[in-house]
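FYI, the numbering for the sequence shown is 0 to 68, going by my numbering.
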Amino acid sequence: MLFKKKQRIRKVENERLLSLIDEMKQQLTNQQLLVKKSLDPSPMVLNELKITEAKYFFLLREARVRQTK
Numbered sequence: 000m001l002f003k004k005k006q007r008i009r010k011v012e013n014e015r016l017l018s019l020i021d022e023m024k025q026q027l028t029n030q031q032l033l034v035k036k037s038l039d040p041s042p043m044v045l046n047e048l049k050i051t052e053a054k055y056f057f058l059l060r061e062a063r064v065r066q067t068k
């Protein structure tokens, strides 16, 4: 009984992680396009891009650790 609950929770959290990865990838792509199209991107925009990139790579690493597919 207890193991089924853990498996169910793990499955839900893995799905949540995958949806966060997709959302963060879309956000990263949008910000990269913004910087690419900009003539002189402000430091604030560049910092936001680096933060989003770090979050995305963290989520990917977490998915690898959890062995999520």
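Where is the CB? At the ideal position from N, CA and C, for every residue including glycine.
Report, in whole angstroms, the separation of the C-beta atoms of residue i and residue j, which I expect to be a contact under 8 Å.
| i | j | result |
| --- | --- | --- |
| L27 | E52 | 6 Å |
| M23 | L45 | Actually they do not touch by this definition, with Cβ atoms about 18 Å apart. |
From residue i to residue j, what distance separates their C-alpha atoms?
| i | j | result |
| --- | --- | --- |
| Q6 | Q66 | 14 Å |
| L17 | K36 | 29 Å |
| D39 | N29 | 17 Å |
| N13 | I20 | 10 Å |
| R63 | P42 | 32 Å |
| K54 | K10 | 22 Å |
| I50 | F56 | 10 Å |
| V78 | F2 | This structure gives no information on residue 78, because the portion of the chain shown stretches from 0 to 68. |
Among the options, which residue has its Cα nearest to the Cα of residue i?
| i | options | result |
| --- | --- | --- |
| L32 | F56, L48, R9 | L48 |
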